[in-house]
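Okay, so here's the structure we're looking at.
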Amino acid sequence: MSPFAGTTHEVRLEQGLTLACGQRLDPCTVGLRRLGTPGRPAVIVLGGISAGRDVASGADPEGWWERQVGPGRALDTERFEILGFDWLGGRGMTTGPVEGGWFPPISTVDQAAAIVAACERIGIESFHAAVGASYGGMVALALAARFPHRVGRLVVISAPARSHPMAIGLRDLQRRIVRLGQRCGNETECLALARGLALTTYRTEQEFRDRFPHTPGVPDEGVESYLQHHGERFAESWTAEQFLCLSESMDRHDVDPSAISVPALFAGVRSDTLVPVWQLGELHREWGGPSRLILADSSFGHDAFLKEPHFIAGVIQAGLTEQEISCTSTPSPREPALPVTSPSAPWCLPSTCPPPSPSRSSERRGRTTTLGPPIRPGTC
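Numbering (this note's numbering), first residue to last: 274 to 653.
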């Protein structure tokens, strides 16, 4: 059977869903996709706000994390059953706002509750792991906070315990652009502008410099057409209400790391401005259970979880396959990472990062900080 011969479900929650704000969604449906071997340990896989249930497809168009899914890959479809979901309030099969209509505020805890309720309906009560990046990492954290006995471990990539003021401010500007478009009857163009602005926060100035090298005597128009293209493509498949709902959900996200004891592996890149490394350090130091932090260099910034497949594959494999969330092998900084296609070779990066401040609870069992080698800039 093909590893991508999965099944798509539109799960109706018969009792509806009570949200953190006190409102109810009734009726409420959740769109999900199952990949891999039924009955094997279930792994929830969650991405950014534009990622949905199609983690991988084996066809065109590809899933949003295609290179991570399949036999022998980090998300091994022969060892695990992979579960992808559409977001509450977003596009896809899950309940969301109608164009021009009102929709209640959605929290990351609400997303986690919808996922758990939908999985119960299809007979899955617990999860080997939750793997989340960006907004999906926030939801994975909320899942561990709200349903700690349901999930065995976390792999959280480029996601904080709460958004910092600069990230909130940047998203607020994007939302104001979209709302201006709604008032002026130019919603689609303003949604494209907001998405283009968002893209500049997902990447780095180095990546833009490498992508758009200056040619003397030639106007630098490439970056303009690039942002316009990606903004317009986003606006073709999203409504303003969907974008606003999930953008605000990121700002509302807030969990207490010290109250969560699920073993966790955290990872990120130093160039990420939306989730800077100091936030990952705080999350790691304050975590209430065993945890590990992996950092690396990348010119892709926040989008490294999509654009640095080899680094991310190693992170995922380490989080899913290690007996404990701890660093038990420390190869030389010059030693290449072990190939992720080898199921017996866990990825372990050199433990050369200085220890956390002794004023924090940094001596909890299982706590390690590891530092990845620089990543060669990608070409995608």
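Every residue, glycine too, gets a C-beta built ideally from N, C-alpha and C.
Exercise for review: Determine contact between the stretch 572–582 and the stretch 532–551, defined as no fewer than three beta-carbon pairs at a distance below 8 Å.
Suggested key: Yes, since at least three Cβ pairs between the stretch 572–582 and the stretch 532–551 fall closer than 8 Å, the two stretches touch.
Practice item. Pick out the complete alpha helix (DSSP H) segments inside the stretch 433–515, 4 residues or longer, and give them in chain order. Key: 438–457, 460–475, 478–484 and 495–510
Practice item. Determine the extent of the beta strand (DSSP E) in which Thr302 is found, giving its start and end residues. Key: Cys301 to Gly309
Review point. CA-CA distance, Ala532 and Ile388?
Key: 21 Å
Exercise for review: Look at the alpha carbon of Ala406 and the alpha carbon of Ala432, and state the distance between them as a whole number of angstroms.
Suggested key: Ala406 and Ala432: Cα-Cα distance of roughly 6 Å.
Review point. What does a CB cutoff of less than 7 Å around Asp232 pick up in its chain, not counting 5 residues either side in sequence?
Key: What the structure shows of the chain is the stretch from 274 to 653, and residue 232 is not part of that stretch, so it cannot be assessed.
Review point. Does the Cβ of Ser446 have 16 or more other Cβ atoms within 10 Å, making it buried, or fewer, making it exposed?
Key: Sequence check: residue 446 is Leu here, not Ser. Exposed, by the Cβ-count rule.
Check your understanding: Is DSSP giving Leu292 helix, strand or coil here?
Key -> coil
Check your understanding: According to DSSP, what are the bridge partners of Thr280?
Key -> Arg307
Exercise for review: Using alpha carbons as the reference points, say which of Gly454, Glu480, His503 and Arg419 lies closest to Ser323.
Suggested key: His503
**Study point:** Sequence-distant residues of its chain with Cβ nearer than 7 Å to Leu556 (five each side left out)
**Key:** Pro433, Ala434, Pro530 and Phe539, listed in sequence order.
Review point. What is the residue span of the beta strand (DSSP E) that Glu559 lies within?
Key: Taken as a continuous stretch (DSSP letters only), Glu559 belongs to no beta strand (DSSP E), being part of the alpha helix (DSSP H) at Val550 to Glu559.
Practice item. List the endpoints of the continuous beta strand (DSSP E) containing Val404. Key: Ala402 to Ala406
Review point. Do Glu335 and Thr512 have their C-beta atoms within less than 7 Å of each other?
Key: Taking 7 Å as the Cβ cut-off, Glu335 and Thr512 do not qualify as a contacting pair.
Review point. Does the separation of the CB atoms of Pro377 and Leu517 fall below 7 Å?
Key: no
Check your understanding: Do Arg419 and Ser399 have their C-beta atoms closer together than 7 Å?
Key -> no
Exercise for review: Classify Ile397 as helix, strand or coil using the three-state DSSP reduction.
Suggested key: coil
Check your understanding: With Ser564 and Ala537 assumed to form a contact (beta carbons below 8 Å), what rounded beta-carbon distance in angstroms separates them?
Key -> 5 Å
**Study point:** Beta-carbon proximity list for Glu559, same chain, < 6 Å, skipping 5 on both sides
**Key:** Pro530 and Ser531
Check your understanding: Between which two residues does the beta strand (DSSP E) containing Leu356 stretch?
Key -> Glu354 to Phe358
Review point. When DSSP labels each residue in this structure, what does Asp539 get in the three-state scheme?
Key: The sequence given here places Phe at residue 539; Asp does not occur at that position. Strand.
Exercise for review: Determine the DSSP secondary structure at Asp327, reduced to helix, strand or coil.
Suggested key: coil
**Study point:** Thr477 vs Gly410 beta-carbon contact at 7 Å
**Key:** no
Review point. Thinking just about the alpha-carbon of each residue, which of Leu566, Leu547, Ala586 and Trp551 is nearest to the one in Tyr408?
Key: Distance check between Tyr408 and each of Leu566, Leu547, Ala586 and Trp551 places Leu547 closest, using alpha-carbon atoms only.
Review point. Bridge partners of Ser380, per DSSP?
Key: In the DSSP output, where bridge partners are listed per residue, Ser380 has none listed.
Exercise for review: Check Asp527 in the structure and name its three-state DSSP category.
Suggested key: DSSP places Asp527 in strand when its eight states are reduced to three.
Practice item. Assign Ile585 to one of two classes, buried (16 or more other C-beta atoms within 10 Å of its C-beta) or exposed (fewer than that). Key: buried
Check your understanding: From Ala347 to Gly592, what does the alpha carbon distance come to, in whole angstroms?
Key -> 10 Å
Exercise for review: Would you check if the stretch 338–357 and the stretch 308–328 touch, i.e. whether three or more CB-CB distances between them fall below 8 Å?
Suggested key: Under the 8 Å Cβ criterion, the stretch 308–328 counts as touching the stretch 338–357, having at least three qualifying pairs.
Exercise for review: Would you identify the three-state DSSP class for Ser522, choosing helix, strand or coil?
Suggested key: helix
Review point. Could you check where the alpha helix (DSSP H) with Val588 kicks off and where it finishes?
Key: Unbroken alpha helix (DSSP H) run through Val588: Pro582 to Thr594.
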